[in-house]
Amino acid sequence: MKRVAIHQPNYLPWLGYFYKIFAADQFIFLDDVAYSKGSYTARTSRRNGFGQTDKSYLSVPVKKHHLGTAIKALEINHLQDWPARHLNCLIDSYRKAPFFEKYFPALEAWFQHAFEFELLSNWNIYLVQEVSQMLGLDCQFINAASIPVSGKGPDYLLALVRYRGGEAYISGAGGRKYQDPGQFLSAGIDLKYQDLYPFLEQYPYSQFQGPWLNGLSVIDALMNIGEDAILKIFQEYERGKQWSVC
Numbered sequence: 005m006k007r008v009a010i011h012q013p014n015y016l017p018w019l020g021y022f023y024k025i026f027a028a029d030q031f032i033f034l035d036d037v038a039y040s041k042g043s044y045t046a047r048t049s050r051r052n053g054f055g056q057t058d059k060s061y062l063s064v065p066v067k068k069h070h071l072g073t074a075i076k077a078l079e080i081n082h083l084q085d086w087p088a089r090h091l092n093c094l095i096d097s098y099r100k101a102p103f104f105e106k107y108f109p110a111l112e113a114w115f116q117h118a119f120e121f122e123l124l125s126n127w128n129i130y131l132v133q134e135v136s137q138m139l140g141l142d143c144q145f146i147n148a149a150s151i152p153v154s155g156k157g158p159d160y161l162l163a164l165v166r167y168r169g170g171e172a173y174i175s176g177a178g179g180r181k182y183q184d185p186g187q188f189l190s191a192g193i194d195l196k197y198q199d200l201y202p203f204l205e206q207y208p209y210s211q212f213q214g215p216w217l218n219g220l221s222v223i224d225a226l227m228n229i230g231e232d233a234i235l236k237i238f239q240e241y242e243r244g245k246q247w248s249v250c
């Protein structure tokens, strides 16, 4: 069964995003829809410093744009040295983490390339693909803008899945609010929902820096438990069984 997942190209997203990549044969970056200010397309979350009990956000500055500008057209504002600031913030949060020494060289190398990217979507896609490769995720990536179909909302998502020959669509839990399962069933497509957040609430991974915080960037999991434990989380979630806390 060919499984397709779709999501906007977000900035260093959380584990649930990468579970969708893990579970899918094809992952479509939804880059041709309007950018939503305040979304995770231009920001990610991290623990607000070592020992802190709350999260803070790292935002990529973008140039002025019109309302409704497509994500694929959003330009990064490189007038400020935001890559150094983001890297330093991540160092502050994770310098004492168990896997910091293993993953920091890659993280540093990624940010050294940041100024080479004019478009936010390209920068985000680069990072998602780098992390996916690090995790050993075998998935084909496609940009929605390259697929010759049109539509809005769930109709567009269904059209994308059908064009790519998908037999199952892996949706985020939020899709339950606006998707009609019957619409996918009529098209011969199995609609599946990913809801990793409550699973992690029940079976949290170890966070060396302080009390459990859910929904942080994938960088948090890499630094704290490493790639093997992340894959274990994905595998156990997919099997629907309890797992030993890392």
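Numbers 5 to 250, taken from the numbering used here, label the letters of the sequence shown in order.
Yeah, the Cβ is synthetic: ideal placement off N, Cα and C, and Gly gets one too.
All of these numbers come straight from a predicted model, not from anything done at the bench.
Euclidean distance between Cα positions of residue i and residue j
i       : j       : result
Glu-105 : Leu-16  : 19 angstroms
His-117 : Asn-92  : 15 angstroms
Ala-88  : Phe-121 : 15 angstroms
Leu-189 : Ile-129 : 30 angstroms
Gln-137 : Ile-25  : 11 angstroms
Tyr-21  : Gln-56  : 25 angstroms
Gly-168 : Asn-126 : A quick correction: the sequence has Arg, not Gly, at residue 168. Cα-Cα distance, rounded: 21 angstroms.
Asp-29  : Pro-185 : 21 angstroms
Gly-230 : Asp-159 : 38 angstroms
Cys-250 : Ala-77  : Since pLDDT at Cys-250 reaches only 38, below the 50 mark, its modelled position is unreliable, and no value is offered.
Thr-2   : Leu-62  : There is simply no residue 2 to check, as the chain begins at 5 and stops at 250 in what is shown.
Tyr-1   : Asp-194 : Absent from the structure is residue 1, since the part of the chain shown begins at 5 and ends at 250.
Gln-239 : Leu-204 : 13 angstroms
Leu-161 : Phe-212 : 39 angstroms
Val-222 : Tyr-173 : 23 angstroms
Phe-54  : Phe-108 : 16 angstroms
Ala-74  : Leu-83  : 22 angstroms
Ile-95  : Gln-187 : 46 angstroms
Ser-40  : Leu-226 : 28 angstroms
Arg-7   : Leu-131 : 22 angstroms
Asn-81  : Val-64  : 8 angstroms
His-90  : Gln-133 : 19 angstroms
Tyr-23  : Asp-142 : 12 angstroms
Glu-112 : Arg-166 : 39 angstroms
Closest residue to residue i among the options (Cα-Cα distance)
i       : options                            : result
Ala-177 : Tyr-201, Ile-193, Asp-159          : Tyr-201
Lys-156 : Ala-38, Gly-214, Glu-134, Arg-243  : Ala-38
Leu-19  : Arg-243, Ile-234, Gly-244          : Ile-234
Val-66  : Lys-59, Arg-51, Arg-47, Phe-54     : Arg-47
Gly-192 : Gly-170, Ile-174, Arg-180          : Gly-170
Glu-242 : Gln-133, Leu-83, Lys-196, Asn-228  : Lys-196
Tyr-207 : Asp-35, Lys-236, Leu-226           : Lys-236
Gly-42  : Asp-36, Asn-14, Ala-27             : Asn-14
His-69  : Gln-84, Leu-123, Lys-100           : Leu-123
Gln-12  : Tyr-23, Asp-36, Met-5, Ala-27      : Asp-36
Ala-110 : Val-135, Trp-86, Asn-81            : Val-135
Phe-115 : Gln-198, Gly-140, Trp-86           : Trp-86
Gln-198 : Ala-113, Leu-141, Gly-244, Val-64  : Gly-244
Asp-224 : Lys-100, Arg-166, Ala-27, Ser-175  : Lys-100
Asp-232 : Ser-175, Gly-140, Gly-179, Ala-113 : Gly-140
Strand pairing of residue i, partner residues [DSSP]
i       : result
Arg-50  : Ser-60
Lys-196 : Ile-174
Ser-221 : Trp-18
Arg-7   : Ala-172
Phe-33  : His-11, Asn-147
Ala-38  : Ala-74
Contacting residues, own chain, Cβ-Cβ under 7 angstroms from residue i (five flanking each side not counted)
i       : result
Leu-164 : Ile-10, Ile-32, Ala-148, Ile-151, Val-153
Lys-59  : Ser-49, Arg-50, Arg-51, Asn-52, Leu-217, Leu-220
Tyr-182 : Gly-157, Pro-158
Pro-102 : Phe-212, Asn-228
Gly-72  : Ala-38
Own chain residues within Cβ distance below 6 angstroms of residue i, not counting five before or after
i       : result
Pro-215 : Thr-57
Ala-27  : Ile-174
Nonlocal neighbours in the same chain, by C-beta distance under 8 angstroms from residue i, ignoring five residues either side
i       : result
Ile-146 : Gln-30, Phe-31, Ile-32, Phe-33, Arg-168
Glu-79  : Val-66, Lys-67, His-69, Glu-122, Leu-123, Leu-124
Gln-144 : Asp-29, Gln-30, Phe-31
Any C-beta of chain B under 8 angstroms from that of residue i
i       : result
Gln-239 : No chain B is part of this structure, which consists of one protein chain only.
Restricting to runs no shorter than 3 residues, where is the beta strand (DSSP E) found entirely within the segment 57–97? 59–63
At which residue ranges does the segment 101–177 contain complete beta strand (DSSP E) runs of 3 or more residues, listed in the order of the chain? 144–147, 172–176
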